[in-house]
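Beneath this line is the structure, given in structure tokens, with notes to follow.
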Amino acid sequence: MTKKHSLRLITFSLLSCLTIFSQIVWSGGTATTFRVSKDFKSLIIQGERPEIVACMTATSRYVKKSMDYKELRWLDSTSLSAIFNENENNGQLTRLISLQAQALLNTSNVFDSWTPVVIRCKQVDEGYPEVNLNVIGSSK
Amino acid sequence: MINIRSSFAAILFFSMMICQYTHAATEISGAGATFPLPILKQWISGYEENHSVKVSYLGLGSAEGIKRVTARTVDFAVTDIGLTKSELSQDDLLQFPLVAGGITPVINLPNVRAGEFKLTGKVLADIYLGKITFWDDSRIQSLNPSLLLTHLPIHVIHRKDGSGTTFTFSGYLSKVSDDWQKSLGMGSYLRWPIGEGQIGNEGIAKKVFELEGAIGYVEYLYAERFKLTTVSLQNKDGDFVIPNIDSFRQAFNQASWKRPSYYESLTNLPGSNSWPIVAISYVLIHRTNNDRLEIIKTLDFFDWIFSGGKSIDGGYISISDPTLLRRIKSSWKVLTDSKGNPVLK
Chain A
35 MTKKHSLRLI
45 TFSLLSCLTI
55 FSQIVWSGGT
65 ATTFRVSKDF
75 KSLIIQGERP
85 EIVACMTATS
95 RYVKKSMDYK
105 ELRWLDSTSL
115 SAIFNENENN
125 GQLTRLISLQ
135 AQALLNTSNV
145 FDSWTPVVIR
155 CKQVDEGYPE
165 VNLNVIGSSK
Chain B
70 MINIRSSFAA
80 ILFFSMMICQ
90 YTHAATEISG
100 AGATFPLPIL
110 KQWISGYEEN
120 HSVKVSYLGL
130 GSAEGIKRVT
140 ARTVDFAVTD
150 IGLTKSELSQ
160 DDLLQFPLVA
170 GGITPVINLP
180 NVRAGEFKLT
190 GKVLADIYLG
200 KITFWDDSRI
210 QSLNPSLLLT
220 HLPIHVIHRK
230 DGSGTTFTFS
240 GYLSKVSDDW
250 QKSLGMGSYL
260 RWPIGEGQIG
270 NEGIAKKVFE
280 LEGAIGYVEY
290 LYAERFKLTT
300 VSLQNKDGDF
310 VIPNIDSFRQ
320 AFNQASWKRP
330 SYYESLTNLP
340 GSNSWPIVAI
350 SYVLIHRTNN
360 DRLEIIKTLD
370 FFDWIFSGGK
380 SIDGGYISIS
390 DPTLLRRIKS
400 SWKVLTDSKG
410 NPVLK
């Protein structure tokens, strides 16, 4: 093996290591899911909690239209860690759902990174949930 | 030789066609909640006695029922996790109420008789949160001054499958305990802080029956069948009530049925004898693209139930209000077959 070949091999190995390392760092260290379903039926068949699926579906639609976020992904723990509550006042039923996920922010940065977000849905009676999505720790 | 083979093949082909046709016409299948399973079994046997249709129902939990009907692997689902109109429309489903009943905490404590042991919702939530771990805890003892409670650890039993019984039970705990509302909320699956998971109402009933010091929650008929000790639970008015058909009915009668989905929340309702944890089992069927024969048979089965085909056991409340029944049956007119034609005229 010539000196030139060795140099190429070392450079290639370094680049491979850098790629793998960056993937580990940018994944945020959190267990993420490969569950990519976004519509109601697929999420139900996927086995998500039925009572939170309307909020998940509405969030996916919200992100698609949003200028602030490029993409959203659910965590393995999203379904189990969700907090769902409902109460009825004067005959009006209100459901409040809180979910955790990760989103790619719509920034001009060269490297995208997945940021933890919290989603809050409010569903009144028979209507579709209203979505409020915030980066965890932001005051928005 | 060829003729014999051809004839045999033709006979085989037609036999298969006939088998397929008769299967489609004579068998319907459902899956879902275990909460109404005892009464569904009675209904199914009563219906099959008088009709040439086989009805199969798998009690796999409400969440699994919703999943299976969504995937169209069953003709209908029964669920205690009621869906709202917007959820139903996204899943091409029609929902209507089938039956209601009470969910009761059950305990296995020596020398304690049914209805004798008192609990408040807050204390029940603290037991399930792991904040009260022994039966002789001062908060339990103060509710039961006449009982001599032993220093026995509390074994919390809960469901591990996606359950409508859990959905209603945790919904009640959310309404009576701020700690529960903030940390766990209401759900078909929960991140239980303590306890042991069991599958189905029967799984919980069996475990509580076997294990001294255990507490669980089941549909009332399971408590009766397993001869489990039920508790007297404090309701919204502050009265301690025992689980029975009268206390379930007082809560059930407050349902307004005003929503198109018929969704009702019947936990922690007022009334001096109102049992605070009452659940409704709903039927889910597809609105469109139905197999004509199977959906007609499915509707006939539910029509037979609503017509009082067979009287039901003590623990359940049937849907018998004529106005409500007319509304339910009228809603079936929107169902269509695979060609988009209405299945009912």
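Those sequence lines, one after another, are chains A and B. In short: position in the first sequence from 1, add 34, done, that's our numbering. In short: position in the second sequence from 1, add 69, done, that's our numbering. We treat Cβ as the ideally placed atom computed from N, Cα and C, and that holds for glycine. Owing to the predicted nature of the structure, the values given are computational and were not obtained by experimental measurement.
Along the chain, where does the beta strand (DSSP E) that runs through B/Lys398 open and close? As a position in the second sequence, residue 398 of chain B is number 329, starting the count at 1. Run containing B/Lys398: none in the beta strand (DSSP E); it sits in the alpha helix (DSSP H), Pro391 to Ser400.
So is A/Pro150 in contact with chain B if we call contact Cβ pairs under 8 Å? Mapped onto the first sequence, residue 150 of chain A falls at position 116. Judged by the 8 Å Cβ criterion, A/Pro150 is not in contact with chain B.
Simplified DSSP state of B/Asn313, which is helix, strand or coil: One-based indexing of the second sequence puts residue 313 of chain B at position 244. Coil at B/Asn313, not helix or strand.
Nearest-angstrom Cα separation, counted from A/Ile79 out to B/Arg328: The residue given as residue 328 of chain B occupies position 259 in the second sequence. The residue given as residue 79 of chain A occupies position 45 in the first sequence. Roughly 26 Å between the two C-alpha positions.
Quick check on the DSSP output: what are the complete beta strand (DSSP E) runs of length 3 or more inside the stretch 256-296 of chain B, in order along the chain? 265-267 and 283-288
What is the DSSP secondary structure of B/Phe236, counted as helix, strand or coil? In the second sequence, residue 236 of chain B corresponds to position 167, counting from 1. Three-state DSSP puts B/Phe236 in a helix.
Using CA atoms only, rank isn't needed, just tell me which of B/Asp160, B/Val122 and B/Asp308 is closest to B/Arg137. Here residue 137 of chain B refers to the residue found at position 68 of the second sequence. The shortest Cα separation from B/Arg137 among B/Asp160, B/Val122 and B/Asp308 belongs to B/Asp160.
List the DSSP bridge partners of B/Lys187. Reading the second sequence from its first residue, position 118 is the one you call residue 187 of chain B. BP columns for B/Lys187 point to B/Ser301.
Quick one: Cα of B/Phe320 to Cα of B/Leu338, how far? Locating residue 320 of chain B in the second sequence gives position 251, counting from the first residue. Locating residue 338 of chain B in the second sequence gives position 269, counting from the first residue. Checking the displayed sequence, the identity of residue 320 of chain B turns out to be Ala instead of Phe. Cα to Cα, B/Ala320 sits roughly 6 Å from B/Leu338.
With a 10 Å radius around its C-beta and 16 neighbouring C-beta atoms as the bar for buried, classify B/Asp247 as buried or exposed. Position 178 of the second sequence, counted from the start, is the residue given in the question as residue 247 of chain B. Exposed.
Indicate the three-state DSSP secondary structure (helix, strand or coil) for B/Val122 in the structure shown. For the purposes of this step, residue 122 of chain B is taken as the residue at position 53 of the second sequence. In the structure shown, B/Val122 sits in coil (DSSP, three-state: anything other than H, G, I, E or B).
Counting contacts by CB-CB distance shorter than 8 Å, is A/Ile170 in contact with chain B? The sequence position of residue 170 of chain A within the first sequence is 136, counting from 1. Output row for A/Ile170: interface = no.
Rounded straight-line distance, which links the Cα of A/Gln157 to that of B/Ile164: Within the second sequence, the letter at position 95 stands for residue 164 of chain B. Within the first sequence, the letter at position 123 stands for residue 157 of chain A. Looking at the sequence shown, residue 164 of chain B is not Ile but Gln. Near 19 Å, if we compare the C-alpha coordinates of A/Gln157 and B/Gln164.
B/Thr173 and B/Pro312 closer than 8 Å at C-beta: The count along the second sequence starts at 1 and reaches residue 173 of chain B at position 104. The count along the second sequence starts at 1 and reaches residue 312 of chain B at position 243. Contact: yes.
Going by Cα to Cα distance, which pick from B/Asn358, B/Val225 and B/His355 is closest to B/Phe278? Taking the first residue of the second sequence as position 1, residue 278 of chain B is located at position 209. Taking only the C-alpha atoms, the option nearest B/Phe278 is B/Val225.
Does the beta-carbon distance from A/Tyr103 to A/Leu139 come in below 8 Å? Position 69 of the first sequence, counted from the start, is the residue given in the question as residue 103 of chain A. Position 105 of the first sequence, counted from the start, is the residue given in the question as residue 139 of chain A. Yes.
With H, G and I counted as helix, E and B as strand and the rest as coil, what does DSSP make of A/Asp146? Your numbering for residue 146 of chain A matches position 112 in the first sequence. Here A/Asp146 sits in coil by DSSP.
Tell me which residues of the stretch 135-148 of chain B have at least one Cβ-Cβ distance to chain A shorter than 7 Å, keeping chain order. Ile135, Lys136, Thr139 and Ala140
Tell me the rounded alpha-carbon separation between B/Asn213 and B/Val175. Here residue 213 of chain B corresponds to residue number 144 of the second sequence, with the count starting at 1. Here residue 175 of chain B corresponds to residue number 106 of the second sequence, with the count starting at 1. Cα-Cα distance, rounded: 16 Å.
Beta-carbon spacing of B/Val412, B/Ile364 below 8 Å: Taking the second sequence and counting its residues from 1, one reaches residue 412 of chain B at position 343. Taking the second sequence and counting its residues from 1, one reaches residue 364 of chain B at position 295. Contact flag set, yes.
How should A/Cys51 be labelled, buried or exposed, when 16 other C-beta atoms within 10 angstroms of its C-beta is the threshold for buried? As a working mapping, residue 51 of chain A is identified with position 17 in the first sequence. Bear in mind that the predicted position of A/Cys51 carries a pLDDT of just 49, short of 50, making it unreliable; the figure below should be weighed with that in mind. Exposed is the call here.
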